[in-house]
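Numbering (the UniProt record's numbering) for the sequence shown: 1 to 359. Written out below as structure tokens is the structure these notes cover.
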Amino acid sequence: MNLNPQQTIIASVLAYSFCSGTLVLLNKLTLHFLPFPSLVVSFQLLACIILVYGAKFAGLINVDPIKWEYVKPYLLYILFFSTGVYCNMRSLNISNVETVIVFRALSPILVAFLDALFLGREWPSPRSWAGLITLVIGAYGYASFDEQFQTQGYGAYSWPTAYTIIIALEMAYGKKIVKSVPLATTSGPVIYTNLIGFVPMLLLANVGGEYSKFWDYFWAGDNQRLPPLAILLLVLGSVVGTGIGYSGWWCRGVVSATSFTLIGVMNKCLTVLLNTLIWDQHAKPGGIFCLFLCIAGGMIYKQAPMRGSVKLVPGITAEDDEFKADISNDVHTTDQTTSKDEEMADLISNSDRNIQRRS
Numbered sequence: 001m002n003l004n005p006q007q008t009i010i011a012s013v014l015a016y017s018f019c020s021g022t023l024v025l026l027n028k029l030t031l032h033f034l035p036f037p038s039l040v041v042s043f044q045l046l047a048c049i050i051l052v053y054g055a056k057f058a059g060l061i062n063v064d065p066i067k068w069e070y071v072k073p074y075l076l077y078i079l080f081f082s083t084g085v086y087c088n089m090r091s092l093n094i095s096n097v098e099t100v101i102v103f104r105a106l107s108p109i110l111v112a113f114l115d116a117l118f119l120g121r122e123w124p125s126p127r128s129w130a131g132l133i134t135l136v137i138g139a140y141g142y143a144s145f146d147e148q149f150q151t152q153g154y155g156a157y158s159w160p161t162a163y164t165i166i167i168a169l170e171m172a173y174g175k176k177i178v179k180s181v182p183l184a185t186t187s188g189p190v191i192y193t194n195l196i197g198f199v200p201m202l203l204l205a206n207v208g209g210e211y212s213k214f215w216d217y218f219w220a221g222d223n224q225r226l227p228p229l230a231i232l233l234l235v236l237g238s239v240v241g242t243g244i245g246y247s248g249w250w251c252r253g254v255v256s257a258t259s260f261t262l263i264g265v266m267n268k269c270l271t272v273l274l275n276t277l278i279w280d281q282h283a284k285p286g287g288i289f290c291l292f293l294c295i296a297g298g299m300i301y302k303q304a305p306m307r308g309s310v311k312l313v314p315g316i317t318a319e320d321d322e323f324k325a326d327i328s329n330d331v332h333t334t335d336q337t338t339s340k341d342e343e344m345a346d347l348i349s350n351s352d353r354n355i356q357r358r359s
């Protein structure tokens, strides 16, 4: 099915948001049984590799071969990814989830600067700056209703600050390699990121002491086996995780780095909002209002065009030829797969909460 540029953007955003929200829910349920976030993500990465190569050997899809000249740029991307996960873990150790959300909401502003300085985008319009600032205000307002956030000292903000900077670099660099690494299939980037990211995730599991914790957990029961429901959730999470690998970089390929970062933050705010309304995490009315303010900020934002490709004149619409040409400049056949920092944030935070409930 052939989609025009505007339909492609809408479809990619919906696919990415659906996979992201579904994976967060599945991971939340999985961690109720298996509170080992790095091991769960490692299993999902391995399962994705098996699914992709299984489809290749069955003759269903084509997959790019592994080449060193393509591995090198992805190594730096995985370095950013792994460092971001580690900073996120340290952030949650010294602060709380609300603090991480506030700092995460700052990342689109940083990426907007990187977009304009290094990726050929125009600077955001006043309307877009207003949207980004509204997002930050909403995130801060939500966190300010949390008592733990109010009592934290400045020392609790060092790791969240590092996390925000690393995330901004990861998002900008991810857009760069999407445009510069000439992979021929949609499965190529999925395999590269999952293969290269698998070992660092196992190392992070070791840093978190998850191997010994899992061993104790496994032998604590009478039957020495995983609960059937936990296995089912792991399988479903792996399938959806593969989907987010494709949809995430598809979305990244057709929007700017700033827009993709903003979509990630919006998904996070929607997830938190649903958690407060559905689960036993009842936020104050002011906090819920601030979450809606975050969503409003994201809706106000308008993607900046490529520098020199679109004249910023009143009345330009998505039907204008110049606008379509600008969007088309971002559409590549190789722009699929994604990082799992957002999922790791929810995995780690939910794992901490499950452990606290059991202790």
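Virtual Cβ for every residue (Gly too), placed ideally from N, Cα, C. This one's a predicted model, so the numbers in the text were calculated from it and none came from an experiment.
Identify the residues that DSSP records as bridge partners of residue i: which are they?
| i | result |
| --- | --- |
| Met306 | Arg121 |
What are the boundary residues of the alpha helix (DSSP H) that includes residue i?
| i | result |
| --- | --- |
| Tyr163 | 158-180 |
| Leu226 | Note, Leu226: premise wrong, no alpha helix (DSSP H); not H, not E. |
| Thr185 | Segment: none, Thr185 is in no alpha helix (DSSP H) and carries neither H nor E. |
| Asn27 | 5-33 |
| Gly209 | Counting along the chain, Gly209 falls outside any alpha helix (DSSP H), and DSSP gives it neither H nor E. |
| Phe292 | 285-300 |
| Ser144 | 126-144 |
How long is the line joining the alpha carbons of residue i and residue j, rounded to whole angstroms?
| i | j | result |
| --- | --- | --- |
| Leu79 | Pro200 | 9 Å |
| Ile101 | Ser187 | 31 Å |
| Tyr211 | Phe218 | 10 Å |
| Met171 | Glu147 | 31 Å |
| Gly21 | Thr271 | 7 Å |
| Leu29 | Ser180 | 38 Å |
| Val207 | Thr83 | 13 Å |
| Asp81 | Tyr173 | Reading off the sequence shown, one finds Phe at residue 81, where the question assumed Asp. Those two C-alpha atoms are separated by around 11 Å. |
| Tyr16 | Gly237 | 15 Å |
| Val235 | Gly264 | 24 Å |
| Tyr157 | Gly54 | 44 Å |
| Phe57 | Leu3 | 29 Å |
| Ile9 | Ala220 | 48 Å |
| Leu106 | Val24 | 21 Å |
| Pro65 | Ile109 | 36 Å |
| Gln7 | Phe260 | 16 Å |
| Ser42 | Gly141 | 34 Å |
| Thr151 | Leu14 | 38 Å |
| Leu183 | Trp68 | 13 Å |
| Lys175 | Thr164 | 17 Å |
| Thr185 | Arg104 | 31 Å |
| Val63 | Ile50 | 12 Å |
| residue 360 | Phe118 | For residue 360 there is no data in the structure shown, the boundaries of the chain being 1 and 359. |
| Gly59 | Gln44 | 23 Å |
| residue 365 | Arg225 | Only positions 1 to 359 of the chain appear in the structure, and residue 365 is not among them; the question remains open. |
| Arg90 | Asn194 | 23 Å |
Skipping 5 residues on each side, what residues in its chain have a beta carbon closer than 8 Å to that of residue i?
| i | result |
| --- | --- |
| Ala304 | Ala112, Asp115, Ala116, Arg121, Glu122, Trp123, Pro124, Ser125, Ser128, Ser256, Thr258 |
| Phe145 | Ala283, Lys284, Gly286, Gly287, Cys290 |
| Val71 | Tyr192, Ile196 |
| Val190 | Cys48, Val52, Thr242, Gly245, Tyr246, Trp249, Gln336, Thr337 |
| Leu26 | Leu233, Leu236, Gly237, Val240 |
By Cβ distance below 6 Å, which residues in the same chain neighbour residue i in space, the five residues on each side in sequence not counted?
| i | result |
| --- | --- |
| Cys294 | Leu135, Gly138, Ala139, Cys269 |
| Ala162 | Cys87 |
| Gly131 | Gly297, Ile300, Tyr301 |
| Leu273 | Leu291 |
| Leu169 | Phe80 |
| Ser12 | Trp250, Cys251, Val254 |
| Pro227 | Phe33 |
| Trp61 | According to the sequence as given, residue 61 is Ile; it is not Trp. Counting only Cβ-Cβ distances below 6 Å, and skipping sequence neighbours, we find Ala55, Ser187. |
Return the chain-ordered list of same chain residues with a C-beta closer than 7 Å to the C-beta of residue i, the five sequence neighbours on each side being excluded.
| i | result |
| --- | --- |
| Ala296 | Thr134 |
| Arg307 | Gly120, Arg121, Glu122 |
| Leu34 | Val40, Ala230 |
| Ile177 | Pro73, Tyr74, Tyr77 |
| Cys19 | Val240, Gly243, Ile244, Ser247 |
| Leu46 | Phe198 |
| Phe214 | Phe36, Leu39 |
| Ile94 | Ala156, Trp159 |
| Asn267 | Ser17, Ser20, Gly21, Glu342 |
| Leu202 | Ser42 |
| Ile166 | Phe80, Thr83, Gly84, Cys87 |
| Leu262 | Pro108, Gly298, Tyr301 |
> Going along the chain, which unbroken runs of the alpha helix (DSSP H) with 4 or more residues stay wholly within the segment 48-109?
Replying inline: 68-94
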